[in-house]
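A quick write-up on the structure given underneath.
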Amino acid sequence: MVRIIKTINYDIIKNNLARLSLNTLLVLKDDAYGCDLKKVLAISYQIGFRFFCVLNAIDANYIVSKYSDSYVLILGKEKTISITKRVFLTVEGESDFSFCKKYNMPFHYKIKSKMNRFGNKIDDNIVKNDLCMGIYAHIGYYDKNKIKQEIKAFSNQITNINHKLIHLGGSHLKGTLDNISLRVGMAIYDGAISLLGKIVKVFKLKANESLGYNDSYIAKKDILVGIVDVGYNSGLSSYLHHKVFIKNNYYKMIGIKCMDFSFIEIDGKIKLGDEVELLGPHLKIEELEKKENKSRYELYVNLK
């Protein structure tokens, strides 16, 4: 049986949360970025957080049924009727607004940013309605100057809005907002996930011999190879080579990953059964981002 161990260090998550204001809205969508919504929710609630964001009604209803003094914003396009006024829908236009009025559902209004994903221009008729409890947007830039421009554009639309919860996401906005609440996801989980495997075979590969599909690696000299029981079934790309960490040393992957296994060039120090770190304290997510050409968000939710 193939053994892949994705471990989550909840102490790191606790430390990440401790750096945030208790007024921060915590994004727990996609099973808390693959870190287990129920566990992250329990930790967050114990620390003192009370406002959470998810993508669907199932998660929202779980949270408010588990913690009756919590609030939940559904970030997605889902229209649902909740028996509690502590679940808020997202409204971006007349259709959503009509649904909320019909069923007396509180909501947050989403303003469109330059991402042009969801949202709309401010609509006084909607945002000044008593059912509107908040206004928000998502900033899709990492460049500081563009972030400032987006925040200014957002702020200009809400100058005459009072008594609403105003918030912006995401995690890279920490320390940039005045009088606007912060909504974060990755700031909760950063550094908490490790991906581990074990050496399941060790063998010698002679010069000019190949390994992997389609001779994906041909040895230029005699080398020692270790096979680790982690392949692209873990969520890592099959064609990209990463460093791995074994016994206080770094080693390189070679060849194309198989579904369940990968090849590593090793030395005589490495033995059958040794643990292999593919992501963790010695291999930061930033390195994997560059190698995989994927954001840490994509990596976290796909790692298994």
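This note's numbering numbers the first residue of the sequence shown as 1365 and each following residue consecutively. Backbone N, C-alpha and C fix where the C-beta goes; we use that ideal spot for every residue, glycine too.
Near residue i, what residues of its chain come up, given a Cβ to Cβ distance below 8 Å and the 5 sequence neighbours on each side ignored?
{"i": "Leu1671", "result": "With the chain represented from 1365 up to 1668, any question about residue 1671 goes unanswered, as that position is not in the structure."}
{"i": "Met1365", "result": "In this prediction, Met1365 scores a pLDDT of 48, lower than 50, which makes its location untrustworthy; no coordinate-derived value is stated."}
{"i": "Val1608", "result": "Val1592, Tyr1614, Tyr1615, Lys1616, Met1617, Ile1628, Val1640, Glu1641, Leu1642 and Leu1647"}
{"i": "Tyr1596", "result": "Ser1602, Lys1621, Cys1622 and Met1623"}
{"i": "Gln1521", "result": "Ile1475, Lys1485 and Ile1486"}
{"i": "His1605", "result": "Lys1616, Met1617, Ile1618 and Lys1655"}
{"i": "Leu1495", "result": "Cys1464, Lys1465, Asn1468, Met1469, Pro1470 and Phe1471"}
{"i": "Ser1545", "result": "Asn1387, Thr1388, Leu1389, Leu1529, Ile1530, His1531 and Leu1532"}
{"i": "Asn1380", "result": "Ala1551, Ile1552, Tyr1553, Asp1554, Gly1555 and Ala1556"}
{"i": "Ile1377", "result": "Cys1399, Val1404, Ile1407, Ile1552, Tyr1553 and Ala1556"}
Ignore the nearest five residues each way along the sequence and tell me which others in residue i's own chain have a CB closer than 7 Å to its CB.
{"i": "Lys1570", "result": "Ala1583 and Asp1586"}
{"i": "Tyr1664", "result": "Tyr1397, Gly1398, Tyr1553 and Ile1557"}
{"i": "Ser1580", "result": "Gly1619 and Ile1620"}
Should residue i and residue j be called a contact, given that it needs their Cβ atoms to be closer than 7 Å?
{"i": "Lys1562", "j": "Glu1639", "result": "yes"}
{"i": "Leu1647", "j": "Gly1599", "result": "no"}
{"i": "Tyr1500", "j": "His1472", "result": "yes"}
{"i": "Pro1470", "j": "Lys1449", "result": "yes"}
{"i": "Val1594", "j": "Thr1388", "result": "no"}
{"i": "Val1451", "j": "Ala1424", "result": "yes"}
Report back the beta-carbon spacing between residue i and residue j to the nearest angstrom; my notes put them in contact at under 8 Å.
{"i": "Leu1643", "j": "Ser1574", "result": "At roughly 28 Å, the Cβ-Cβ gap does not stay under 8 Å, so Leu1643 and Ser1574 are not in contact."}
{"i": "Cys1417", "j": "Ala1556", "result": "Actually they do not touch by this definition, with Cβ atoms about 18 Å apart."}
{"i": "Tyr1467", "j": "Ile1445", "result": "5 Å"}
{"i": "Ile1530", "j": "Gly1498", "result": "7 Å"}
Quick check: does the Cβ of residue i come within less than 6 Å of any heavy atom belonging to the ligand SAM?
{"i": "Lys1658", "result": "In terms of ligand content, the structure shown is empty, and the ligand SAM therefore cannot be addressed."}
Give the range of the alpha helix (DSSP H) segment to which residue i is assigned.
{"i": "Cys1464", "result": "Glu1458 to Tyr1467"}
{"i": "Asn1572", "result": "Unbroken run through Asn1572: none, as it is neither H nor E."}
{"i": "Tyr1661", "result": "Arg1660 to Asn1666"}
{"i": "Val1455", "result": "Here Val1455 belongs to no alpha helix (DSSP H); instead the beta strand (DSSP E) covers Val1451 to Val1455."}
{"i": "Lys1474", "result": "That residue, Lys1474, is in no alpha helix (DSSP H); its beta strand (DSSP E) goes Phe1471 to Lys1474."}
{"i": "Asn1489", "result": "Asp1488 to Val1491"}
{"i": "Ser1408", "result": "Leu1401 to Ile1411"}
{"i": "Ser1385", "result": "Run containing Ser1385: none; DSSP gives neither H nor E here."}
{"i": "Glu1639", "result": "It is not in any alpha helix (DSSP H) - Glu1639 instead sits in the beta strand (DSSP E) that spans Glu1639 to Leu1643."}
{"i": "Asn1612", "result": "Segment: none, Asn1612 is in no alpha helix (DSSP H) and carries neither H nor E."}
{"i": "Tyr1426", "result": "Ala1421 to Lys1430"}
{"i": "Glu1656", "result": "Ile1649 to Glu1656"}
For residue i, which residues of its own chain have a beta-carbon under 6 Å away from its beta-carbon, when the five flanking residues on both sides are left out?
{"i": "Ile1649", "result": "Arg1660"}
{"i": "Leu1401", "result": "Leu1392 and Asp1395"}
{"i": "Asn1657", "result": "none"}
{"i": "Ile1369", "result": "Leu1560"}
{"i": "Ile1610", "result": "Ile1634, Asp1638 and Val1640"}
State the start and end residues of the unbroken beta strand (DSSP E) segment that holds residue i.
{"i": "Arg1700", "result": "The shown model of the chain, from 1365 to 1668, leaves out residue 1700, and the question about it has no answer."}
{"i": "Gly1498", "result": "Cys1496 to His1502"}
{"i": "Ile1522", "result": "Ile1522 -> no beta strand (DSSP E), and no H or E assigned at all."}
{"i": "Gly1398", "result": "Here Gly1398 belongs to no beta strand (DSSP E); instead the alpha helix (DSSP H) covers Lys1393 to Gly1398."}
{"i": "His1605", "result": "No beta strand (DSSP E) holds His1605; DSSP gives it neither H nor E."}
{"i": "Ser1434", "result": "First-last for Ser1434: undefined, no H or E at that position."}
{"i": "Cys1417", "result": "Phe1415 to Val1418"}
{"i": "Ser1626", "result": "Ser1626 to Ile1630"}
{"i": "Leu1532", "result": "Leu1529 to Gly1533"}
{"i": "Ile1620", "result": "Here Ile1620 belongs to no beta strand (DSSP E), and DSSP marks it neither H nor E."}
Whose C-alpha, out of the options, is nearest the C-alpha of residue i?
{"i": "Ser1419", "options": "Leu1437, Pro1645, Lys1403 and Cys1622", "result": "It is Leu, not Ser, that sits at residue 1419 in the sequence shown. For the residues Leu1437, Pro1645, Lys1403 and Cys1622, the minimum Cα distance to Leu1419 belongs to Leu1437."}
{"i": "Gly1590", "options": "His1606, Gly1637, Ser1545 and Met1550", "result": "Gly1637"}
{"i": "Lys1565", "options": "Ile1634, Pro1645, Glu1662 and Asn1612", "result": "Ile1634"}
{"i": "Lys1752", "options": "Lys1403, Phe1452 and Lys1441", "result": "Outside the modelled stretch of the chain, which goes from 1365 to 1668, sits residue 1752, for which no answer is possible."}
{"i": "Ile1422", "options": "Tyr1409, Ile1407 and Glu1442", "result": "Glu1442"}
{"i": "Ser1626", "options": "Arg1383, Lys1516, Leu1560 and Gly1533", "result": "Leu1560"}
{"i": "His1739", "options": "Ala1517, Asp1494, Asp1488 and Cys1496", "result": "Any answer about residue 1739 is impossible in this case: the structure gives the chain only from 1365 up to 1668."}
{"i": "Ser1408", "options": "Ile1515, Ile1372 and Ala1382", "result": "Ala1382"}
{"i": "Gly1534", "options": "Leu1588, Ser1477, Asn1524 and Phe1567", "result": "Ser1477"}
{"i": "Arg1481", "options": "Glu1458, Leu1439, Asp1488 and Leu1453", "result": "Leu1439"}
{"i": "Glu1458", "options": "Asp1488, Ile1372, Phe1567 and Thr1371", "result": "Asp1488"}
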